[in-house]
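One rule links them: number in the numbering used here = place in the sequence shown (from 1) + 507.
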Amino acid sequence: MIYQILGAYFEDDCADELTNDPILTAVLAKNALASQPTLSRFFNRLDDTTLNQFYDLMRRFRKVVYSIKKPEMILLALDSTLLLSKHSIASPERQWIYQAVTISSA
């Protein structure tokens with residue numbers, strides 16, 4: 508699952524495509540990887556302690572990766588579909604959501 512996330516496959520549905528992925532199975536020395544139902548059951552059992560441990564692990568991975576090559580920029584993609592608002596999508600009050608913002612560290 509961690510390699511799946513590092514490969515930018517964030518949904519448990521992606522596991523079905525990766526179950527027999529030749530690169531991941533070779534790296535992990537496995538015949539097959541966890542299926543989507545297995546990952547779904549794992550995600551459903553997560554509690555606060557497990558999430559904090561997972562967060563710490565991902566933070567350590569980022570630290571290792573960034574020590575090799577620090578990114579020039581980080582892209583934050585915000586999804587407004589679940590944003591609660593009394594305004595319609597086309598209203599001026601919500602237009603800020605749809606504007607692209609670039610932040611440079613230069």
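Backbone N, C-alpha and C fix where the C-beta goes; we use that ideal spot for every residue, glycine too.
- With fewer than 16 other beta carbons inside 10 angstroms of its own, Leu553 counts as exposed.
- Tyr516 has its alpha-carbon roughly 13 Å from the corresponding atom of Ala541.
- Annotation: Ser542 is outside any alpha helix (DSSP H) and is labelled neither H nor E by DSSP.
- Nearest to Asp519 by C-alpha distance, out of Thr556, Pro529, Phe549, Tyr573, is Phe549.
- For Phe561, the enclosing alpha helix (DSSP H) covers residues 555 to 575.
- Collapsing the DSSP output to three states places Arg548 in a helix.
- Annotation for Ala539: Thr526, Asn527, Thr532 place their beta carbon closer than 8 Å to its own, counting only its chain and skipping 5 residues before and after.
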